[in-house]
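Report on the structure given below.
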Amino acid sequence: MSSLERSTSKRYWRSLAELQDAPEFRAFAEAEFPHEADPAGISRRRWLQIMGASLALAGAAGCETDPQFILPFAKRPEGRVPGKREHYATAMELSGNAVGLLVTCVDGRPIKVEGNPAHPFSLGATNVLAQAAILELYDPDRSRRPVQKGPHGGITQRGGTDQTPWNRFDAMLRGVMEAARSQQGDGFCVLAEPCSSPTLARLRQEFLKQFPHARWFEYEPLTTDNERAGAVQAFGRPYRCHFELSEARVIVCFEADLLGSHPGALRYARQFAQVRPAADGTMNRLYAVECAYSVTGIAADHRLSLPRRRIGAFVAKVLERIERLERGEDSASEPAGESAEFADRFLDAVVEDLSKNRGRGVVAVGPEQPPEVHAAAHRLNSLLGNVGKTVRYAEPPDPDRLLHVEAITELTHLMRDGKVTTLLILGGNPVYDAPADLDFAAALEKVATSIHCSLYRNETSLLCDWHVPQAHFLESWSDAR
């Protein structure tokens, strides 16, 4: 028997029930593929009739049944030409980082998103999230009206969702705020997503001034808290690290996806491409050390695959070798021959390249690495003279906030102890993405009044007393840093 015959003679089972030929599996298979659906014995004409009817019914099922009315302007706004395209500069904020965009609108409706060439962090480019924002804006599954938990919803919309009139929510909110004002905000907590808006920061200060005993927390599941804590270890204060890849000859990324998932990826990708090759004919060199493929790893000249737990030790070896060079000692542990491990030869190449390009290198660490690794990277950039040239530091807009994990942990403990009477959740989905060991959902049930404001009615909305639709960034005006 040939190898092909042996490979095709194997039989695979979809489940243990199929292997045992259990009665419940036979019933399931009969329901999925009934004998009546067997095309044997059906004429070609009858088969085409059945298929044509199926296609027609499938198309009819996708039609919109709700009536819609398009009304013209009773009085056209001055300067408005129907059908003429207009362009607006705006910004999309994700995890507290803003990206400049140019949005094309027709009759007040956004139809296309592009990067803003004048914005320093987009330089005319966009990512997939910005392009998908148009689909999210017109998503028919977005929330449209408030929803009150339980059998209190007054209006049933298409799809069977109970919705509540706005005046009922307004009356409830006025009562909650009056009670909180009488208690100076005691027991009132706000859980918000990270936001760099100066306007929101000012409103938060005014809120805490009027309700001095209230608490404001921020939480984001995909956080950069390790970077923040690493900067505190290195400098005593949290700083944001910015790179100038257009000035760098050597770039070493330790699980840092500068060209993909980094908040400044659009800018860094443009800068990286500018010097490959540079005007003088030279070309930068990119090293990537990571546990899984990333956009940066794919574009790297040299890539080393290491488990995440070993990357910190690799950074420590690089730092040790650079410090020995600073003291005038020989940094080579052994000659890099054919018998040397690939990781050792990779280490020798990184140290040699960084030391030869002092002031023109970049060492970056990803957010998944612990704070100690980030502190080591700051030390490396300082020893190599990169700070002030290819590496810059800036104050974050909220230097005194708690780390996100600390914030959600403290809030959950307050809720579990019954010290939170009213919880306002601005965006996010903490019931779904909060750390599992906190059991945020169980703690939420102990809150007397919970309000969730979001684009969609998600897991958190279903457990809150009230769900309120949130405005999309393309239909609201604010600011961001």
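Per this note's numbering, the sequence shown starts with residue 1317, numbered consecutively.
C-beta: ideal position from N, C-alpha, C; glycine also.
As the structure is a prediction and not an experimental result, all values here were calculated from the model.
Rounded to the nearest whole angstrom, the C-alpha separation of residue 1702 and residue 1443 is 29 Å. Secondary structure note for residue 1506: its beta strand (DSSP E) is the uninterrupted segment 1504 to 1508. Contact between residue 1566 and residue 1544 is ruled out by a C-beta separation of about 26 Å, above the 8 Å threshold. Here DSSP, grouped into helix, strand and coil, assigns residue 1729 to helix. For residue 1559, the enclosing beta strand (DSSP E) begins and ends at 1556 to 1559.
Taking a cut-off of 8 Å on C-beta distances, the stretch 1751 to 1771 does not touch the stretch 1411 to 1431, as fewer than three cross pairs fall below it. Residues 1512 and 1797 of the same chain have their beta carbon placed closer than 6 Å to that of residue 1713, with the five preceding and five following residues left out of the count. With respect to residue 1671, residue 1718 sits apart: the two C-beta atoms are not nearer than 7 Å.
In the assembly as shown, residue 1573 is a buried residue. Its beta-carbon has 16 or more other beta-carbons within 10 Å. A distance of 7 Å or more separates the beta carbons of residue 1727 and residue 1508. Rounded to whole angstroms, the gap between the alpha carbons of residue 1420 and residue 1789 is 14 Å. Within the same chain, 1431 and 1582 come within 6 Å of residue 1441 by CB-CB distance, once the 5 residues on both sides are set aside. Residue 1339 sits in a helix when the DSSP states are folded into three classes. One thing to note: residue 1527 has its Cβ no nearer than 7 Å to the Cβ of residue 1551.
DSSP lists 1506 and 1767 as the beta-bridge partner residues of residue 1740. With contacts defined as CB atoms closer than 7 Å, residue 1536 and residue 1720 qualify as a contacting pair.
In the structure shown, residue 1776 falls within a helical segment according to DSSP collapsed to helix, strand and coil. With a cut-off of 8 Å on Cβ pairs, the stretch 1734 to 1753 is in contact with the stretch 1765 to 1775, counting three or more such pairs. Between the alpha carbons of residue 1460 and residue 1559 lies a distance of about 42 Å.
DSSP places residue 1633 in the uninterrupted alpha helix (DSSP H) bounded by 1624 to 1642.
By a beta-carbon distance limit of 8 Å, residue 1553 contacts residue 1715. Their separation comes to about 7 Å. DSSP places residue 1618 in the uninterrupted beta strand (DSSP E) bounded by 1618 to 1621.
DSSP places residue 1710 in the uninterrupted beta strand (DSSP E) bounded by 1707 to 1710.
By the Cβ criterion, the stretch 1628 to 1645 is in contact with the stretch 1692 to 1708, since at least three pairs of Cβ atoms, one from each stretch, lie closer than 8 Å. Look at residue 1491 here: in three-state DSSP terms it is helix.
Remark: C-beta atoms of residue 1529 and residue 1500 approach each other more closely than 7 Å.
Residue 1340 and residue 1333 have their C-alpha atoms some 8 Å from each other. According to the DSSP assignment, residue 1358 belongs to no beta strand (DSSP E), since it is labelled neither H nor E.
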